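Participant: Protein sequences appear in the order of chains S and X. Just so we're aligned, residue 1 is where the first sequence starts under this note's numbering, counting upward by one. Just so we're aligned, residue 317 is where the second sequence starts under this note's numbering, counting upward by one. Beta carbons: idealized from backbone N, C-alpha and C, even for Gly. It should be emphasised that the depicted structure is a prediction, and the values quoted were computed from it without experimental measurement.
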Amino acid sequence: MAIENVLLALFYVLIFPGIWFLATYGMTLEWVDRKLGAVLQNRVGPPWFQPMADFVKLVSKEVIIPKACDTLMFRNLPYFAVAGVTAAMMMIPVWNGALFSFEGDLIAVIYLLTIPTATFFLAGWSSTSPYAAIGSMRVLTQLFAYEVPLMLALIGPAILAGSWNITAIAEHFARNPAYMPAQIPGFLVAVLALQGKLERLPFDMPHAKTEIVGGQFTEYTGRLLAFFNMAVSMEMVVGAALLNAVFLGGGLGLTGIGAFALFMLKTFGVVLLLVVLRVLMARIRIEQMVNFCWQILAPLAMAQIVFDIFLRIKLG
Amino acid sequence: MKTKSLKEKIITWSRVKSPWILHFNSGGCNGCDIEVVDALTPRYDLERFGIQLKPTPRHADVMVVSGPVTRQQIKRIKRIYDQMAEPKFVVAVGACACSGGVFDGCYCVAPGGLDKVVPVSAYIPGCPVRPEAVIDGVVKLLGSLQK
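(1) Using only the alpha-carbon positions, how far apart do Ile313 (chain S) and Ile166 (chain S) sit?
(2) Considering only the alpha carbon of each residue, which of S:Leu152, S:Met137 and S:Gly249 lies closest to Met180 (chain S)?
(3) Where does Met137 (chain S) sit, in a helix, a strand or coil, going by DSSP?
(4) Our contact map puts Gln216 (chain S) next to Ala303 (chain S) with C-beta atoms below 8 Å; I'd like the distance itself, whole angstroms only.
(5) Looking at C-beta atoms only, is the number of pairs between the segment 122-140 of chain S and the segment 263-280 of chain S that lie closer than 8 Å three or more?
(6) Is there contact here, the segment 416-436 of chain X with the segment 447-461 of chain X, by at least three beta-carbon pairs under 8 Å?
(7) Taking DSSP's pairing of strands, which residues face Ile337 (chain X) in a bridge?
(8) Checking the sheet assignment: what are the DSSP bridge partners for Phe405 (chain X)?
(9) Between Tyr131 (chain S) and the ligand MG, is the CB less than 7 Å from at least one heavy atom?
(10) Whose C-alpha, out of S:Leu99, S:Met236 and S:Gly104, is nearest the C-alpha of Ala161 (chain S)?
(11) With C-beta atoms as the reference, is Ala408 (chain X) less than 8 Å away from Pro384 (chain X)?
(12) How far does the alpha helix (DSSP H) with Ala438 (chain X) in it reach, from first residue to last?
(13) Between the Cα of Phe247 (chain S) and those of S:Ala231, S:Ile305, S:Ile184 and S:Gly258, spot the shortest distance and give me the residue it belongs to.
(14) If distances are taken between C-alpha atoms only, which option among X:Val406, X:Val445, X:Ile326 and X:Gly459 comes closest to Phe55 (chain S)?
(15) If I'm right that Val406 (chain X) touches Met379 (chain X) with Cβ under 8 Å, what's the distance once you round it to whole angstroms?
(16) Work out the CA separation of Met137 (chain S) and Ala241 (chain S) for me, nearest whole Å.
(17) So which of S:Pro157, S:Leu188, S:Val189 and S:Val191 has the shortest CA-CA distance to Ala178 (chain S)?
(18) For Gly453 (chain X), collect the residues of the same chain with a Cβ closer than 7 Å to its Cβ; drop the 5 residues on either side in sequence, then sort them by chain order.
(19) Pairing CB atoms from the segment 332-350 of chain X with CB atoms from the segment 383-400 of chain X, are three or more of them under 8 Å?
(20) Can you give the Cα-Cα distance for Ala295 (chain S) and Thr267 (chain S), rounded to whole angstroms?
(21) With a threshold of 16 other CB atoms inside 10 Å of the CB of Cys424 (chain X), please say whether the residue is buried or exposed.
(22) Would you mind stating whether Leu122 (chain S) and Leu72 (chain S) have Cβ atoms separated by less than 8 Å?
(23) Note down, one range per segment and in chain order, each beta strand (DSSP E) of at least 3 residues found wholly within the segment 54-107 of chain S.
(24) Verify the CB distance criterion: does Glu363 (chain X) have a CB-CB separation below 8 Å to chain S?
(25) Could you give the distance in angstroms between the alpha-carbon of Ala478 (chain X) and the alpha-carbon of Ile309 (chain S)?
(26) I need the boundaries of the alpha helix (DSSP H) containing Phe369 (chain S), first residue and last residue.
(27) Starting from the beta carbon of Gln304 (chain S), find every residue of chain X whose beta carbon is closer than 8 Å, and list them in chain order.
(28) Specify, as a first and last residue, the run of the alpha helix (DSSP H) that Asn5 (chain S) falls within.
(29) With a cut-off of 8 Å, do at least 3 Cβ pairs link the segment 208-225 of chain S to the segment 269-277 of chain S?
(30) Is the segment 138-146 of chain S close to the segment 193-210 of chain S, with three or more CB pairs under 8 Å?
(31) Is it right to say Asn176 (chain S) is buried, meaning 16 or more other beta carbons lie within 10 angstroms of its own, or is it exposed?
(32) Can you check whether the C-beta of Ile326 (chain X) is within less than 8 Å of a C-beta belonging to chain S?
(33) Would you say Asp349 (chain X) and Ser382 (chain X) are within 8 Å of each other, going by their C-beta atoms?
(34) Beta-carbon of Lys209 (chain S) versus every beta-carbon of chain X: anything under 8 Å?
(35) What would DSSP say about Thr128 (chain S), mapped onto helix, strand or coil?
(36) With DSSP as the reference, please indicate the residues paired to Thr117 (chain S) in a beta bridge.
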């Protein structure tokens with residue numbers, strides 16, 4: 001009995017919906033991201049195995065640890081980033097509800113998704129290179145800019161569903177699909193904030209290569225860089241899955257293969273939005289981003305919350 | 317020729333499919349630099365071979381050097397070469413980087429081109445090089461890895 005439970009837990013953590021699933025799907029989405037970006041720029045784009053080749057190459061490369069670094073942190077941070085993202089995935093429904101579902105798991109997921117960002121900051125800080133230090137300060141500044149709109153945007157559906165449980169929110173939208181169009185402003189805010197969280201254009205100031213070399217990852221080589229890249233790809237999967245569950249109604253009441261196909265379809269849709277944003281826009285400055293997030297995104301999310309409260313009182 | 321194990325084959329495959337380049341100007345006139353940048357534009361689309369321009373030597377596999385090596389740049393180019401992680405390759409782009417070009421023998425230029433300073437894996441001549449020549453040179457360098 002105990003052995004079976006341990007094996008099942010290992011299966012969840014290592015295979016599905018844990019590290020293996022996240023890694024393969026993350027690589028697929030990374031390829032979709034790069035390929036679609038290339039097509040939108042009138043290019044051919046990389047072949048389908050590109051993210052895999054990048055990962056294998058980086059893993060097989062030499063790892064250089066600069067003398068001035070905090071070796072312990074420098075070595076271990078990439079694995080913490082991957083672990084944080086994987087732990088968040090355990091609470092997000094893929095098909096028939098999440099593995100670990102409890103009242104308040106929405107808050108837990110938001111905090112777990114902050115762990116990769118925190119490791120990016122510490123990575124830049126522990127490498128002690130000036131470029132990495134500037135990059136890591138920008139990571140933190142950016143965190144304070146997008147985190148509040150993201151949380152506010154996710155609160156809207158939670159109020160509407162009357163629950164902090166992601167699965168319950170998804171089920172609520174599946175029962176009442178008419179509420180979904182009312183969440184469009186909140187969804188757009190969440191997509192923009194997710195773009196900031198993933199540090200993609202127009203919010204890629206932390207590793208802006210024309211300004212501060214490689215940003216927080218300047219000193220990272222080989223295996224460690226590979227796992228950071230992997231963590232970013234996985235974060236894209238988890239972010240898309242979170243938006244899918246909170247705003248788009250998760251499996252929409254379907255079960256089995258149908259729900260899984262719907263999950264794939266809708267996460268692809270979210271990633272498509274992210275790609276179009278990335279291709280359309282140029283990088284903005286860090287203070288422009290803070291202004292944008294606090295003056296436009298946060299009030300918009302607040303308005304969405306007020307609207308949701310009225311909706312809930314009106315419709316019971 | 318010694319047969320390679322599956323692991324070695326996979327690693328070589330990944331290296332051939334994903335070369336990340338670092339662009340370094342060792343004192344050139346900017347002609348070759350423009351052509352290298354040209355090779356990275358959507359018109360030639362180097363990303364279809366998996367080639368990406370990386371900002372830091374720590375991430376890069378191939379250092380693309382253009383221009384004659386000036387005396388000021390000797391120790392800097394050595395330092396950047398040392399900062400790259402193994403396995404690493406250097407490609408000399410343009411007549412100046414290959415041999416010193418018209419600047420060979422100049423008071424401020426290290427005599428004899430780039431290979432007197434760091435080991436060079438491939439030479440791409442031209443003044444300036446054509447973007448097609450850059451792509452061809454890098455692809456040939458990667459092809460030589462498979463042997």
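Facilitator: For this structure:
(1) Here residue 313 (chain S) corresponds to residue number 313 of the first sequence, with the count starting at 1. Here residue 166 (chain S) corresponds to residue number 166 of the first sequence, with the count starting at 1. Approximately 21 Å, taken between the alpha carbons.
(2) One-based indexing of the first sequence puts residue 180 (chain S) at position 180. Residue S:Gly249 is the option with its Cα nearest to Met180 (chain S).
(3) As a working note, residue 137 (chain S) is residue 137 in the first sequence. Of the three classes helix, strand and coil, the one that applies to Met137 (chain S) here is helix, per DSSP.
(4) Mapped onto the first sequence, residue 216 (chain S) falls at position 216. Mapped onto the first sequence, residue 303 (chain S) falls at position 303. With 8 Å as the limit, Gln216 (chain S) and Ala303 (chain S) do not qualify as a contact, their Cβ atoms being about 34 Å apart.
(5) no
(6) no
(7) Numbered from its first residue, the second sequence carries residue 337 (chain X) at position 21. DSSP output for Ile337 (chain X) lists X:Leu369 and X:Val378 as bridge partner(s).
(8) Position 89 of the second sequence, counting from 1, holds the residue named residue 405 (chain X). DSSP output for Phe405 (chain X) lists X:Val378 as bridge partner(s).
(9) This structure lacks the ligand MG; in fact it carries no ligand of any kind.
(10) Within the first sequence, numbered from 1, the residue matching residue 161 (chain S) stands at position 161. Here the closest residue by C-alpha is S:Gly104.
(11) For the purposes of this step, residue 408 (chain X) is taken as the residue at position 92 of the second sequence. For the purposes of this step, residue 384 (chain X) is taken as the residue at position 68 of the second sequence. The answer is no: Cβ separation not under 8 Å.
(12) As a first step, residue 438 (chain X) is located in the second sequence; it is residue number 122 there, counting from the start. Note, Ala438 (chain X): premise wrong, no alpha helix (DSSP H); beta strand (DSSP E) at Ala438 to Ile440.
(13) Position 247 of the first sequence, counted from the start, is the residue given in the question as residue 247 (chain S). For Phe247 (chain S), the nearest C-alpha among the options comes from S:Ile184.
(14) On the first sequence, residue 55 (chain S) is found 55 positions in, with the first residue counted as 1. If we check each option's Cα against that of Phe55 (chain S), X:Ile326 comes out closest.
(15) For the purposes of this step, residue 406 (chain X) is taken as residue 90 along the second sequence, with counting starting at 1. For the purposes of this step, residue 379 (chain X) is taken as residue 63 along the second sequence, with counting starting at 1. Rounded, the Cβ-Cβ distance is 5 Å, consistent with contact.
(16) The sequence position of residue 241 (chain S) within the first sequence is 241, counting from 1. The sequence position of residue 137 (chain S) within the first sequence is 137, counting from 1. Each residue's alpha carbon lies about 28 Å from the other.
(17) Within the first sequence, the letter at position 178 stands for residue 178 (chain S). Answer by Cα proximity: S:Pro157.
(18) Along the second sequence, one-based indexing puts residue 453 (chain X) at 137. Excluding positions up to five away in sequence, the list reads Val407, Ala438 and Ile440.
(19) yes
(20) For the purposes of this step, residue 295 (chain S) is taken as the residue at position 295 of the first sequence. For the purposes of this step, residue 267 (chain S) is taken as the residue at position 267 of the first sequence. This sequence places Gln at residue 295 (chain S); Ala is not what is there. Distance between the alpha carbons of Gln295 (chain S) and Thr267 (chain S): 28 Å.
(21) Within the second sequence, the letter at position 108 stands for residue 424 (chain X). Label assigned to Cys424 (chain X): exposed.
(22) Start at 1 with the first residue of the first sequence, and residue 122 (chain S) comes out as number 122. Start at 1 with the first residue of the first sequence, and residue 72 (chain S) comes out as number 72. No, the Cβ-Cβ distance between Leu122 (chain S) and Leu72 (chain S) is not below 8 Å.
(23) none
(24) Translated into the one-based positions of the second sequence, residue 363 (chain X) becomes position 47. Yes - at least one Cβ of chain S is within 8 Å of the one on Glu363 (chain X).
(25) No answer is possible for residue 478 (chain X): the residues shown for chain X start at 317 and end at 463.
(26) Residue coverage of chain S in this structure runs from 1 to 316, which leaves residue 369 (chain S) outside it and unanswerable.
(27) Within the first sequence, numbered from 1, the residue matching residue 304 (chain S) stands at position 304. Going along chain X, no residue has its Cβ under 8 Å from Gln304 (chain S), so there is no contact; the nearest lies around 38 Å.
(28) Locating residue 5 (chain S) in the first sequence gives position 5, where the first residue counts as 1. First-last of the alpha helix (DSSP H) with Asn5 (chain S): Ala2 to Leu14.
(29) no
(30) yes
(31) Position 176 of the first sequence, counting from 1, holds the residue named residue 176 (chain S). The residue in question, Asn176 (chain S), is exposed, as its Cβ has fewer than 16 Cβ neighbours within 10 Å.
(32) The residue given as residue 326 (chain X) occupies position 10 in the second sequence. Ile326 (chain X) counts as touching chain S.
(33) Sequence index remark: in the second sequence, residue 349 (chain X) carries index 33 (1-based). Sequence index remark: in the second sequence, residue 382 (chain X) carries index 66 (1-based). Contact flag set, yes.
(34) Taking the first sequence and counting its residues from 1, one reaches residue 209 (chain S) at position 209. Taking Cβ atoms only, chain X reaches closer than 8 Å to Lys209 (chain S), which makes this a yes.
(35) Taking the first sequence and counting its residues from 1, the one referred to as residue 128 (chain S) is at position 128. It is coil, neither helix nor strand.
(36) What you label residue 117 (chain S) is simply residue 117 of the first sequence in a count that begins at 1. Answer is none; Thr117 (chain S) lacks a bridge partner.
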